[in-house]
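Have a look at the structure below, then the notes.
Numbering (the working numbering), first residue to last: 3 to 372.
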């Protein structure tokens, strides 16, 4: 089976985990802070990094730290993984779904502007497949209206926007490091912000609202048992084991990204112009291609997906739009472009360990189908 995605770990990760095991405490410990510093170094920034147990937790923690809750509205594209919408629902706020651009699958800023109300407290742009949204326009909205911008950058660790790495600028950026992301912690996430007050509160809230300054200290004798709980919190901290995996992975992430770009170029070379499908335009030098997405025309997407599986090739559909789910039916979202995209998209295999011959098998099977 040629897998559509997978995490790629090896001896370096095992060595880091062994050290974490030998330390004996597997929760929030010193490797978490080391990983936070490694993220900041990779982004070439002195911004504040808060590591979490998942990317979903990072998004919810960002919303909760901002105090967003019942009676508030948060605008986001429906064309995203349901976790993005769920984090808003969890706060008690209302998700307001917007449409996306037909060529990029990124949120339609004109639709966003139409849906801003006095209750709008935040906008969550989703950097789909590693392609960054129009951050310049979004940050202008923040400046003009005071609406917070929380980037869902789960797909975009390592992507650039106008020469700057995603996460190195802006308001609040949330990353995911789950098992199939470009780099993984097994499970993990992170928030990046230039506001130290926000970051300190987020760090407090990620561990049940506990305020204890010596949590990361490696020397057990220097860890104080005294702490306060000044705010409502959650069990969202990253573990020492997951941080250990991340510390090994971040040293390889540029290799992972380079290989994904090679795979995308190979698909482009052999699939562009093929009757029956459409490839998404991209400048791979500027993005981290988390997915390779094609549009299958004439209502044949499901047929092609089945045909690929019959030839031991896994493919994906990312994503079922959130407004299609029972939980969000009452939103009554009218999103024609999103609906059309959903009927056609298919994600082809892409990951670091995928070989050129695997890519060419995918290409050959697609050509056989048509």
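Beta carbons are placed, not taken as given, at the ideal position from N, Cα and C, and that holds for glycine. The model shown is predicted, which means the values in this text are computed figures rather than measured ones.
Apply the 10 Å Cβ neighbour rule to residue i and answer buried if 16 or more other Cβ atoms are within range, or exposed otherwise.
| i | result |
| --- | --- |
| residue 372 | exposed |
| residue 29 | exposed |
| residue 4 | buried |
| residue 33 | buried |
| residue 250 | buried |
| residue 370 | exposed |
| residue 206 | buried |
| residue 161 | buried |
| residue 198 | exposed |
| residue 1 | Here the chain has residues from 3 to 372 only, and residue 1 is not among them. |
| residue 293 | buried |
| residue 137 | buried |
| residue 63 | buried |
| residue 23 | exposed |
| residue 18 | buried |
| residue 73 | exposed |
| residue 257 | exposed |
| residue 208 | buried |
Measuring alpha carbon to alpha carbon, tell me which of the options ends up nearest residue i.
| i | options | result |
| --- | --- | --- |
| residue 389 | 23, 181, 223, 334 | Residue coverage of the chain in this structure runs from 3 to 372, which leaves residue 389 outside it and unanswerable. |
| residue 224 | 10, 31, 284, 9 | 31 |
| residue 70 | 282, 291, 39, 96 | 96 |
| residue 177 | 209, 320, 141, 128 | 128 |
| residue 87 | 143, 242, 125 | 125 |
| residue 273 | 359, 364, 345 | 364 |
| residue 151 | 184, 114, 166, 185 | 114 |
| residue 105 | 158, 340, 312 | 340 |
| residue 342 | 10, 103, 91 | 103 |
| residue 107 | 58, 120, 368, 135 | 135 |
| residue 346 | 260, 301, 308, 318 | 301 |
| residue 45 | 168, 68, 141, 21 | 168 |
| residue 16 | 123, 244, 208, 238 | 244 |
| residue 119 | 149, 139, 155, 358 | 149 |
| residue 285 | 276, 262, 275 | 262 |
| residue 144 | 122, 309, 154 | 122 |
| residue 241 | 27, 294, 20, 366 | 27 |
| residue 215 | 130, 331, 229, 332 | 229 |
| residue 14 | 65, 58, 253, 75 | 253 |
| residue 59 | 47, 91, 43, 39 | 91 |
In this structure, how does DSSP classify residue i when only helix, strand and coil are distinguished?
| i | result |
| --- | --- |
| residue 230 | strand |
| residue 57 | helix |
| residue 152 | strand |
| residue 316 | coil |
| residue 16 | helix |
| residue 162 | strand |
| residue 122 | strand |
| residue 6 | coil |
| residue 133 | coil |
| residue 145 | helix |
| residue 2 | No information on residue 2 is available, as it lies outside the stretch 3 to 372 that the chain covers here. |
| residue 78 | strand |
| residue 303 | helix |
Just confirm the distance between the C-beta atoms of residue i and residue j, as a whole number of angstroms; I'd bet it's less than 8 Å.
| i | j | result |
| --- | --- | --- |
| residue 291 | residue 132 | 5 Å |
| residue 89 | residue 61 | 4 Å |
| residue 77 | residue 98 | 5 Å |
| residue 337 | residue 353 | The pair is not a contact, with the Cβ atoms about 30 Å apart (cut-off 8 Å). |
| residue 350 | residue 236 | At roughly 36 Å, the Cβ-Cβ gap does not stay under 8 Å, so residue 350 and residue 236 are not in contact. |
| residue 232 | residue 202 | Between residue 202 and residue 232 the Cβ distance is about 11 Å, and since that is not below 8 Å, they are no contact. |
| residue 170 | residue 49 | 7 Å |
| residue 296 | residue 281 | 6 Å |
| residue 299 | residue 279 | 7 Å |
| residue 186 | residue 247 | 7 Å |
| residue 190 | residue 179 | 4 Å |
| residue 67 | residue 156 | So it is not a contact: roughly 18 Å between Cβ atoms. |
| residue 184 | residue 84 | Contact flag wrong, Cβ pair sits at about 21 Å. |
Tell me, please, whether the CB atom of residue i is closer than 7 Å to any CB atom in chain D?
| i | result |
| --- | --- |
| residue 48 | Absent from the structure is chain D; it holds one protein chain and no more. |
**Request:** For the segment 168–243, list the beta strand (DSSP E) runs that are entirely contained and at least 3 residues long, ordered along the chain.
**Result:** For the segment 168–243, the continuous beta strand (DSSP E) assignments of 3+ residues that do not extend past its boundaries occur at 174–178, 191–195, in sequence order.
**Whole beta strand (DSSP E) elements within the segment 325–354, 3-residue minimum** = As summarised for the segment 325–354, the continuous beta strand (DSSP E) elements at least 3 residues long and confined to that stretch are 347–350, given in chain order.
**Request:** Write down every uninterrupted run of the beta strand (DSSP E) in the segment 84–119 whose length is 3 residues or greater and which is fully enclosed by it, in chain order.
**Result:** Those beta strand (DSSP E) runs which fall completely within the segment 84–119 and span 3+ residues are 96–100.
**Message:** So within the segment 240–266, which uninterrupted alpha helix (DSSP H) runs reach at least 4 residues, ignoring any that extend past its ends?
**Reply:** Here the runs fully enclosed are 242–251.
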